[in-house]
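Here is the structure we will look at.
In structure tokens, the structure reads:
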């Protein structure tokens, strides 16, 4: 069965510090990978996606993620976080030819001033 | 452009009652998806419409859930009769193309509480 694992349910980080949110997926076939963010009282919005090509993907708001096929990972990183990055972050995967997304359980990022 | 709109934002009903959730996708988006997040767990796929046709309803939990998209515009998701385990946040999303080619635009969700 397809699955996405986000081991960290909550991550507190000091403002201007770097952050990495971890995501691992299970798959033996080609996948597309996504990170979505949900700000308080809002819907989810796409941060970035990996479809093919360069394994380092840059997204909005200074975030980037690296696709590692051998480790089946797609960790999200930002070199310096801001208070406005406080949100819940979801990693998701879709399998080639299948349009539905399989999401992880989410990581709540809290920025400490 | 107006985003994906969901009504109501919150709904509290008693076990055994019926609730209908509505989703208005972005105009022109043929693809409409319903997802659900039960408290603290992952967001799970429910079903996918292409225009008015159900493309994939493999995630629908059981026959107490009925989704429709008459005319290929807005969609409704009816739960009848509601059970306690149906509580959660129901998200609707739409996209112009297949989801991996164009981003999914999510609504703010409907928080359903069954007591």
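Residue numbers (our numbering), protein chains in the order written: chain A, 1 to 113; chain B, 114 to 228.
Where is the CB? At the ideal position from N, CA and C, for every residue including glycine.
Note that the structure is a prediction, hence the values are computed from the model and not measured.
In its chain, beyond the 5 residues on either side, 26 have a beta carbon closer than 6 Å to the beta carbon of residue 3 of chain A. For residue 80 of chain A, no beta strand (DSSP E) run applies, since DSSP gives it neither H nor E.
Within the stretch 95-108 of chain A, those residues whose Cβ lies closer than 9 Å to any Cβ of chain B are, in chain order, 96, 98, 99, 100, 101, 102, 103, 104, 105 and 106. With the criterion set as a beta carbon lying under 9 Å from some beta carbon of chain B, the members of the stretch 24-52 of chain A are 32, 34, 36, 38, 41, 42, 43, 44, 45, 46, 49 and 51, in sequence order. Annotation for residue 12 of chain A: the continuous beta strand (DSSP E) segment containing it runs 10-14. The three-state secondary structure of residue 85 of chain A, taken from DSSP, is helix. A contact between stretches requires three or more CB pairs, one per stretch, nearer than 8 Å, and the stretch 70-85 of chain A fails this requirement with the stretch 179-195 of chain B.
Taking the C-beta atoms as reference points, residue 158 of chain B is found no nearer than 8 Å to residue 141 of chain B. Taking each of B:219, B:134 and B:209 in turn and checking the Cα distance to residue 225 of chain B, the smallest one comes out for B:134. Residue A:102 holds the alpha-carbon nearest to the alpha-carbon of residue 146 of chain B among A:110, A:61, A:102 and A:20.
Closest in alpha carbon position to residue 129 of chain B, among B:169, B:211, B:154 and B:177, is B:177. Within the same chain, and ignoring the five residues on either side of residue 82 of chain A in sequence, the residues whose Cβ sits closer than 8 Å to its Cβ are 15, 16 and 111. Short of 6 Å from the beta carbon of residue 50 of chain A, and not among the five residues preceding or following it, lie these beta carbons of its own chain, in chain order: 33, 57 and 67. For the pair residue 7 of chain A and residue 22 of chain A, the CB atoms are nearer than the 8 Å cut-off.
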